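Protein chains in written order, with the working numbering: chain R, 1 to 81; chain P, 82 to 354; chain Z, 355 to 678.
Below is one structure, written out as structure tokens; the observations come after it.
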């Protein structure tokens, strides 16, 4: 699995949505991505990449796109589509 | 209005006054909260003999109406009413305030004897009423009503008004409050201690329907309590503390008092007449 | 059913104890159809956002009126429901103390009162919102089971367990978001049965709430100094697990650690339990001293009160030296 696939997979399994829905997705945009869903997503991403994210980064993680930037800090490069 | 019910309530009121005097005398030197018990006699009679549904064979029957005595110190009048409907015996009544009785000076929860909750710490009964009314609605029990009796002095307590707000917020049409407005509290007239009037306007402004009646008129109480409302409903019953005994009426000393033999005999003669 | 997987446990820890409670609450209607939840204008703060959307009719918001909330919960309990009621621990225990006494203590009505942010976690809000008197209050009132989970996984366990207790329960939630985890995987939780997390012979540490984690850290530091520590998670403060308390008598020193005042809390409970014993080691009581402190953030306050693992270890060493 590529990093992008892993990244998308974290969103689709956590929120129960299709791959086509992740692009442009933002926090609170769908019911599943509420404050609790946010923590589930973070856990799923951490598991996928074997990292532990800082609190500030968890708070800043406000969209599908923003998350890619944040993950760079953890040496996780998400390939462009 | 059913004249038989009025007659029954009047007859019961007379017996209940006698029983309250007997209980007070029987309590000896400890005395008892006699003034506020005598002011609520007709309210109790109207509720227990005219308005409320209950099942003596099955005191916890789901279909019963729930009565909550928030002004717990007035409990002698409730015990006397429970005797009238056959829930407790006269022998039991005479154990009031004796060691090992179940008839405490403030009610102690005893569903089998028709006492829904413990009370005595003022200002808590209406919250219990709100919870009970919400729970009945949740169960789909559309027929049981919840009646809470408060004192006017008790309305000093802030928690009464928290509960009043929540009752109208949740549109608890199955909840009725009766206020025993005897205008006296422990230390003196309510107007001197902490002004609580005008009660009807206060309850109205909290989103309740409210009406003021003569709290010693069985007819007026029965009429007011028979009205079906679509909001919570407050019946402000204008009463006289110590009602029926000339030396007790409107006298704050008799909030909690003890009777000498002579006083007992005079009081009994007056309430029997 | 809720799964105690490592990743779920990590997520609960992130959410903090309020969030973990809220997630556990989602499971309650399946366990007991009579569950309702009352809150005093703290739906979101109690982690009940999802509960509200999943079970809108089971959630009753009573507004900022905690005394009334406890009374309303009593009405529900009396009519056969299983009411949970949430507010800050400070208000649960003190603002509505008389309602707690009469309804939960005297009448034994089965209210599950949830005290949020007990201890110092909201310390920046000042002493009005901190709560280090609540164990003392709840413990002094007869008939109330007092639960104080060690971390977020245990918060989930305790919430589910509380629903199964017939009588009144006070559920004390400590810690902030990113609450450190004591438990990384599933384990057996039984109300009234303390859990020995680490065995040791020199010192017996009995801790509750967040202090279980910090005590484990202290035990690790002490081990490096050649001091062997037993660490017990006393998640149920009342009824107290007497077997676990008695087992601590074999140590040279008993240490109680809690994010609560040293007056009336776990330390007092242990001390009262052992007071009649002829042979008992001295007890070091670690908690908040008898004062209100400056408002500050949580890590700062833990440090101020000497409640970090390192500080706990230092206090234990000093006590042991004094003893010799």
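Quick reminder that beta carbons are idealized off the backbone N, C-alpha and C, glycines included.
These numbers come from a predicted model, not from an experiment.
Proximity below 9 Å, CB of residue i to CB of residue j
i                      : j                      : result
residue 385 of chain Z : residue 507 of chain Z : no
residue 618 of chain Z : residue 489 of chain Z : yes
residue 436 of chain Z : residue 470 of chain Z : no
residue 175 of chain P : residue 107 of chain P : yes
residue 200 of chain P : residue 192 of chain P : no
residue 392 of chain Z : residue 438 of chain Z : yes
residue 670 of chain Z : residue 581 of chain Z : yes
residue 373 of chain Z : residue 36 of chain R  : yes
residue 248 of chain P : residue 291 of chain P : no
residue 49 of chain R  : residue 25 of chain R  : no
residue 162 of chain P : residue 216 of chain P : no
residue 58 of chain R  : residue 38 of chain R  : yes
residue 95 of chain P  : residue 143 of chain P : no
residue 118 of chain P : residue 157 of chain P : yes
residue 558 of chain Z : residue 608 of chain Z : yes
residue 270 of chain P : residue 313 of chain P : no
residue 443 of chain Z : residue 485 of chain Z : yes
residue 646 of chain Z : residue 475 of chain Z : no
residue 149 of chain P : residue 239 of chain P : no
residue 615 of chain Z : residue 529 of chain Z : no
residue 672 of chain Z : residue 572 of chain Z : no
Top-ranked residue by Cα proximity to residue i, from the options
i                      : options                       : result
residue 299 of chain P : P/138, P/320, P/257 and P/145 : P/320
residue 250 of chain P : Z/377, Z/665, Z/414 and Z/652 : Z/414
residue 210 of chain P : Z/428, Z/535 and Z/447        : Z/428
residue 88 of chain P  : P/98, P/130 and P/121         : P/130
residue 342 of chain P : P/263, P/84 and P/103         : P/103
residue 121 of chain P : P/245, P/265 and P/82         : P/265
residue 197 of chain P : P/203, P/145, P/280 and P/220 : P/145
residue 366 of chain Z : Z/401, Z/610, Z/390 and Z/409 : Z/401
residue 612 of chain Z : Z/620, Z/606 and Z/636        : Z/620
residue 452 of chain Z : Z/474, Z/425, Z/464 and Z/478 : Z/425
residue 405 of chain Z : R/61, R/32 and R/68           : R/32
residue 398 of chain Z : Z/417, Z/457, Z/388 and Z/449 : Z/417
residue 525 of chain Z : Z/553, Z/493, Z/554 and Z/534 : Z/493
residue 325 of chain P : P/316, P/347 and P/351        : P/351
residue 154 of chain P : P/286, P/141, P/178 and P/195 : P/178
residue 606 of chain Z : Z/664, Z/554, Z/461 and Z/387 : Z/554
residue 111 of chain P : P/132, P/338 and P/353        : P/338
Chain-order list of residues whose beta-carbon lies under 7 Å from that of residue i (same chain, five-residue window excluded)
i                      : result
residue 358 of chain Z : 507, 539 and 540
residue 662 of chain Z : 568 and 656
residue 124 of chain P : 230, 259, 261, 296, 302 and 318
residue 349 of chain P : 99 and 102
residue 449 of chain Z : 420 and 421
residue 19 of chain R  : 8 and 12
Classification of residue i by the beta-carbon crowding that lies within 10 angstroms, buried from 16 upward
i                      : result
residue 422 of chain Z : buried
residue 105 of chain P : buried
residue 113 of chain P : buried
residue 368 of chain Z : buried
residue 1 of chain R   : exposed
residue 480 of chain Z : exposed
residue 328 of chain P : exposed
residue 583 of chain Z : buried
residue 139 of chain P : exposed
residue 522 of chain Z : buried
residue 648 of chain Z : exposed
residue 542 of chain Z : exposed
residue 465 of chain Z : buried
residue 282 of chain P : exposed
residue 268 of chain P : exposed
residue 623 of chain Z : buried
residue 164 of chain P : buried
Proximal residues to residue i (C-beta, below 8 Å), its chain only, five neighbours per side dropped
i                      : result
residue 590 of chain Z : 499, 500, 501, 502, 545, 546, 547 and 548
residue 536 of chain Z : 504, 505, 507, 508, 551, 566, 567, 570 and 587
residue 633 of chain Z : 603
residue 650 of chain Z : 477, 478 and 658
residue 532 of chain Z : 367, 368 and 370
Own chain residues within Cβ distance below 6 Å of residue i, not counting five before or after
i                      : result
residue 4 of chain R   : 78 and 79
residue 182 of chain P : 176
First and last residue of the uninterrupted beta strand (DSSP E) at residue i
i                      : result
residue 293 of chain P : 290 to 295
residue 31 of chain R  : Element bounds for residue 31 of chain R: n/a, residue is neither H nor E.
Boundaries (first-last residue) of the alpha helix (DSSP H) holding residue i
i                      : result
residue 170 of chain P : Premise fails: residue 170 of chain P is in no alpha helix (DSSP H) and is neither H nor E.
residue 57 of chain R  : 55 to 60
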